[in-house]
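A.B. asks: Okay, handing you the structure first.
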Amino acid sequence: MSLDYHHRLTIQGSGEPLILVPGMDGTGNLFYQQIPSLAQHYRVITYALRGSAIRLETLGDDLEYVARSTSDKGKPIILGESFGGAVALSLALRHPEMVKGLVMVNSFAYAPSRKSLRLALLGLHAIPQRAMSLVRHMTASRLHSPNRNRETLRMFLAHTADVSKDVYRKRLRMLREYDVRNRINEISIPTLFLAADSDRVVRSLEQARWMASRMPNATVKVLEGHGHVCLTNSEVKLAELLQQWEGVSLR
């Protein structure tokens, strides 16, 4: 792969590698709440998704590159949030031998509502870039947990401010072609599904249970009272959840 990701990687902590794959925003910035505690147990690797990519396979190639270039301490656990889960699955299906474990946060095996995707794409086409800040403000509450606070929303808006509508459109188009339902049963890698029961963007719990029922080494953990963007909430103790899961599934 020609794209050099070294200047885009952020590595914190020591221990076994944990790669965090960001969601639709692609910045990697929205893991800020979780990284300090994760870095006490893991070598935490974050990176930004390539903004120029038009195919999900390209983002999967990039993740493969990140995994190979940081694998000196063993195979990584790969965590994908929402859209990032699709990227993580892309790698796991092609190179299961590279992945120690998968963690899927509010993710999916397919985008069930093609109509919603079409409407979102049409809306982004009609909205001028200068109005994207207003769009983010209007949608932020829907994306977050019902118990979010003002500071959480402020941080979300600040961390996603530079993402262009063109990048969002490219990634929404990728989801029109994304459907791995007929391959889910190929994944035998230990997998943890974290699914928010108040997600108003994706039917996270429904999707998690469907996928887990077809995978031999899958666990579902319900994040009660949380919405789609939940890792920015300090009440979600991601490091504790991973440690508990590892103690049962990866030892």
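Plus 7 on top of the position in the sequence shown (first one is 1) and you've got our numbering. Glycine residues also receive a C-beta, built at the ideal position from the N, C-alpha and C atoms.
1) So the candidates are Thr239, Ile194, Asp204 and Ala202; which of them puts its Cα closest to the Cα of Glu158?
2) To the nearest angstrom, report how far apart Arg190 and Asn156 are at their CA atoms.
3) Could you check whether Leu25 and Tyr49 sit closer than 7 Å to each other, using their CB atoms as the reference points?
4) Span of the alpha helix (DSSP H) holding Gln310?
5) Which class does Phe200 belong to by DSSP, given the choice of helix, strand or coil?
6) Looking only at its chain, what residues have a beta carbon closer than 6 Å to the beta carbon of Pro153, apart from the 5 residues adjacent to it on each side?
7) For my contact list, Gly20 and Val51 are in at a C-beta cut-off of 8 Å; report their separation, rounded to the angstrom.
8) Nearest to Met105 by alpha carbon, out of Ser76, Val170 and Phe115?
9) Using 8 Å as the cut-off, can you tell me whether the stretch 162 to 170 makes contact with the stretch 70 to 87, which would need three or more C-beta pairs spanning the two stretches below that distance?
10) Tell me which same chain residues have a C-beta within less than 6 Å of the C-beta of Thr17, skipping the five on either side of it?
11) Between the Cα of Gln47 and the Cα atoms of Glu23, Ser220, Met111 and Leu230, which residue gives the shortest distance?
12) Distance, Cα to Cα, Ala93 vs Phe115?
13) In the DSSP assignment, find the unbroken alpha helix (DSSP H) run with Met218 in it and report its ends.
14) Let me know the alpha helix (DSSP H) ranges lying completely inside the stretch 66 to 108, each 4 residues or longer, listed in chain order.
15) With H, G and I counted as helix, E and B as strand and the rest as coil, what does DSSP make of Arg178?
16) Count the other C-beta atoms from every protein chain shown that fall within 10 angstroms of the C-beta of Val255, then say buried if there are 16 or more, exposed otherwise.
17) Under the three-state reduction of DSSP, which class applies to Glu193: helix, strand or coil?
18) Give me the DSSP bridge partner(s) of Glu23.
19) I need the boundaries of the beta strand (DSSP E) containing Thr226, first residue and last residue.
20) How long is the line joining the alpha carbons of Met181 and Asn192, rounded to whole angstroms?
C.D. replies: In brief:
1) Taking the sequence shown and counting its residues from 1, one reaches residue 158 at position 151. Proximity to Glu158 across Thr239, Ile194, Asp204 and Ala202 peaks at Thr239, based on C-alpha coordinates.
2) On the sequence shown, residue 190 is found 183 positions in, with the first residue counted as 1. On the sequence shown, residue 156 is found 149 positions in, with the first residue counted as 1. Our two residues, Arg190 and Asn156, have alpha carbons roughly 39 Å apart in a direct line.
3) What you label residue 49 is simply residue 42 of the sequence shown in a count that begins at 1. What you label residue 25 is simply residue 18 of the sequence shown in a count that begins at 1. Taking C-beta atoms as the reference points, Tyr49 and Leu25 count as a pair closer than 7 Å.
4) In the structure displayed, the chain extends from 8 to 258; residue 310 sits before or after that span and is not available.
5) Residue numbering aside, residue 200 sits at position 193 when the sequence shown is read from its first letter. DSSP places Phe200 in strand when its eight states are reduced to three.
6) Against the sequence shown, residue 153 aligns to sequence position 146. Counting only Cβ-Cβ distances below 6 Å, and skipping sequence neighbours, we find Ser205.
7) Translated into the one-based positions of the sequence shown, residue 20 becomes position 13. Translated into the one-based positions of the sequence shown, residue 51 becomes position 44. At roughly 5 Å, the Cβ-Cβ gap stays under 8 Å, so Gly20 and Val51 are in contact.
8) Taking the sequence shown and counting its residues from 1, the one referred to as residue 105 is at position 98. Put simply, of Ser76, Val170 and Phe115 the residue whose alpha carbon is nearest the alpha carbon of Met105 is Ser76.
9) Between the stretch 162 to 170 and the stretch 70 to 87, the count of Cβ pairs shorter than 8 Å is below three; the stretches do not touch.
10) On the sequence shown, residue 17 is found 10 positions in, with the first residue counted as 1. These residues qualify, in order along the chain: Thr53.
11) The residue given as residue 47 occupies position 40 in the sequence shown. By alpha-carbon distance to Gln47, the top candidate from Glu23, Ser220, Met111 and Leu230 is Glu23.
12) For the purposes of this step, residue 93 is identified with residue 86 of the sequence shown, where counting begins at 1. For the purposes of this step, residue 115 is identified with residue 108 of the sequence shown, where counting begins at 1. In a straight line, the C-alpha of Ala93 is about 7 Å away from that of Phe115.
13) The residue labelled residue 218 in the question sits at position 211 within the sequence shown. Counting along the chain, the alpha helix (DSSP H) containing Met218 begins and ends at Ser211 to Ala219.
14) Taking only runs of at least 4 residues, the alpha helix (DSSP H) segments lying wholly in the stretch 66 to 108 are 90 to 101.
15) As a position in the sequence shown, residue 178 is number 171, starting the count at 1. DSSP, read as helix, strand or coil, puts Arg178 in helix.
16) Your numbering for residue 255 matches position 248 in the sequence shown. The residue in question, Val255, is exposed, as its Cβ has fewer than 16 Cβ neighbours within 10 Å.
17) Working through the sequence shown from its first residue, we reach residue 193 at position 186. Helix, per DSSP.
18) Residue numbering aside, residue 23 sits at position 16 when the sequence shown is read from its first letter. According to DSSP, Glu23 shares a beta bridge with Tyr49.
19) Reading the sequence shown from its first residue, position 219 is the one you call residue 226. First-last of the beta strand (DSSP E) with Thr226: Ala225 to Leu230.
20) Your numbering for residue 181 matches position 174 in the sequence shown. Your numbering for residue 192 matches position 185 in the sequence shown. Roughly 22 Å between the two C-alpha positions.
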